[in-house]
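Peer 1: So the sequence lines, in the order shown, correspond to chains A and B.
Residues in the first sequence are numbered from 9 upward in steps of one, following the numbering used here.
Residues in the second sequence are numbered from 3 upward in steps of one, following the numbering used here.
Sharing a structure below in structure tokens format, with a few things to ask.
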Amino acid sequence: AQSVTQLDSQVPVFEEAPVELRCNYSSSVSVYLFWYVQYPNQGLQLLLKYLSGSTLVKGINGFEAEFNKSQTSFHLRKPSVHISDTAEYFCALGPYSGGGADGLTFGKGTHLIIQP
Amino acid sequence: DGGITQSPKYLFRKEGQNVTLSCEQNLNHDAMYWYRQDPGQGLRLIYYSQIVNDFQKGDIAEGYSVSREKKESFPLTVTSAQKNPTAFYLCASSTPGQGARVSGYTFGSGTRLTVV
Numbered sequence: 009a010q011s012v013t014q015l016d017s018q019v020p021v022f023e024e025a026p027v028e029l030r031c032n033y034s035s036s037v038s039v040y041l042f043w044y045v046q047y048p049n050q051g052l053q054l055l056l057k058y059l060s061g062s063t064l065v066k067g068i069n070g071f072e073a074e075f076n077k078s079q080t081s082f083h084l085r086k087p088s089v090h091i092s093d094t095a096e097y098f099c100a101l102g103p104y105s106g107g108g109a110d111g112l113t114f115g116k117g118t119h120l121i122i123q124p
Numbered sequence: 003d004g005g006i007t008q009s010p011k012y013l014f015r016k017e018g019q020n021v022t023l024s025c026e027q028n029l030n031h032d033a034m035y036w037y038r039q040d041p042g043q044g045l046r047l048i049y050y051s052q053i054v055n056d057f058q059k060g061d062i063a064e065g066y067s068v069s070r071e072k073k074e075s076f077p078l079t080v081t082s083a084q085k086n087p088t089a090f091y092l093c094a095s096s097t098p099g100q101g102a103r104v105s106g107y108t109f110g111s112g113t114r115l116t117v118v
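Right, here's the structure in full:
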């Protein structure tokens, strides 16, 4: 079985401050990892993904994430946040091997709250 | 532009009624998914389909039904057997298997269902 744990349900940050949203995963096989963002009453948009290779991946809107296999983590970071970054952020994983589109496994989400 | 369209955006259901949520995609994706989102619980997989005329139960299929008669369409029916249907429902699509793992999913903008 595989699982995703987002350690913080809410993260308040002041505007222009850096932020890190934490994601840890558990899987018996190699995985692909994703971060999605959801604005209120909207669907999810892909921020970035880790497939293989370089452990530091860059995404849209200035976000980046680092894959750490030994710590089974995939934390999301941004050096300076804006009010427009206020949203729900989801970490997700998919199995590297095996057949079937049986659904990504999502964390429960982290609500990023940007304070002026 | 290609994408996924969910309708309606808001839906109200009376006790004991069945309602159907629409999901249409023009991305030529073979795989489609339905997720349910509740506050603080992340996304939970209801049903998925990898190919026309075939679909599989996800983690919380009880009280829901789907059909996949066309590649572009994957409607979800919330039946009267679903005792707590009030939630935000998200439809997604992908190329199955390796494609899903590499590209992730494309999400619709969601339908908010409320029981009145």
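Backbone N, C-alpha and C fix where the C-beta goes; we use that ideal spot for every residue, glycine too.
What residues in its chain sit with their C-beta under 6 Å from that of residue 26/A, if we drop five residues either side in the sequence?
Peer 2: Hits under 6 Å: 87.
Peer 1: Please confirm if residue 17/A has its CB atom under 8 Å from at least one CB of chain B.
Peer 2: At least one chain B Cβ lies under 8 Å of residue 17/A.
Peer 1: Is the region 57–69 of chain A touching the region 8–15 of chain B in the sense that three or more CB pairs, one from each, lie closer than 8 Å?
Peer 2: Short answer: they don't touch.
Peer 1: Go ahead and pull the three-state DSSP assignment for residue 93/A.
Peer 2: Helix, per DSSP.
Peer 1: How long is the line joining the alpha carbons of residue 96/A and residue 78/B, rounded to whole angstroms?
Peer 2: The alpha-carbon atoms of residue 96/A and residue 78/B are separated by roughly 25 Å.
Peer 1: Which same chain residues, not among the five before or five after residue 85/A, have their C-beta less than 6 Å away from its C-beta?
Peer 2: Taken in chain order, the residues that qualify are 28, 72.
Peer 1: Whose C-alpha, out of 71/B, 38/B, 28/B, is nearest the C-alpha of residue 97/B?
Peer 2: Comparing Cα positions, the closest option is 28/B.
Peer 1: Per DSSP, what kind of secondary structure is residue 1/B in: helix, strand or coil?
Peer 2: Because chain B is modelled from 3 through 118, residue 1/B falls outside the range shown and cannot be assessed.
Peer 1: Please determine, among 59/A, 92/A, 94/A, 13/A, the residue with the shortest C-alpha to C-alpha distance to residue 34/A.
Peer 2: Per the Cα distances, 13/A.
Peer 1: With DSSP as the reference, identify every bridge partner of residue 22/B, one or two as the case may be.
Peer 2: In DSSP, residue 22/B forms a bridge with 79/B.
Peer 1: Could you spell out where the beta strand (DSSP E) holding residue 37/A opens and where it closes?
Peer 2: Segment: none, residue 37/A is in no beta strand (DSSP E) and carries neither H nor E.
Peer 1: Taking DSSP as the reference, what is the three-state secondary structure of residue 69/A?
Peer 2: Correct three-state label for residue 69/A: helix.
Peer 1: Give the residues from the region 47–66 of chain A that approach chain B closer than 9 Å (Cβ to any Cβ), ordered along the chain.
Peer 2: For the region 47–66 of chain A, which is checked against every Cβ of chain B, the residues closer than 9 Å are 49, 50, 51, 52, 53, 54, 57, 59.
Peer 1: Please report how far the alpha carbon of residue 59/A lies from the alpha carbon of residue 43/A, in whole angstroms.
Peer 2: In a straight line, the C-alpha of residue 59/A is about 12 Å away from that of residue 43/A.
Peer 1: Taking the alpha carbon of residue 40/B as the reference point, which residue from 73/B, 87/B, 17/B has its own alpha carbon closest?
Peer 2: Measuring from the Cα of residue 40/B, the nearest candidate turns out to be 87/B.
Peer 1: Apart from the five residues just before and just after residue 113/A, which ones in its own chain have a Cβ nearer than 7 Å to its Cβ?
Peer 2: Correct list, in chain order: 10, 11, 12, 100, 101.
Peer 1: Applying a beta-carbon distance threshold of less than 8 Å, which residues of chain B neighbour residue 116/A?
Peer 2: In chain order: 42, 43, 44.
Peer 1: Under three-state DSSP, which class holds residue 44/A?
Peer 2: Three-state DSSP puts residue 44/A in a strand.
Peer 1: Please identify the residue among 77/A, 49/A, 90/A whose C-alpha is closest to the C-alpha of residue 112/B.
Peer 2: Here the closest residue by C-alpha is 49/A.
Peer 1: Using beta carbons (cut-off 8 Å, strictly below), is residue 29/A in contact with chain B?
Peer 2: False, the Cβ-Cβ gap to chain B never drops below 8 Å.
Peer 1: Sort out for me which residues DSSP pairs residue 10/A with in a bridge.
Peer 2: Per DSSP, none; premise fails for residue 10/A.
Peer 1: For a cutoff of 8 Å on Cβ pairs, would you count residue 111/B as touching chain A?
Peer 2: Yes, its Cβ sits closer than 8 Å to a Cβ of chain A.
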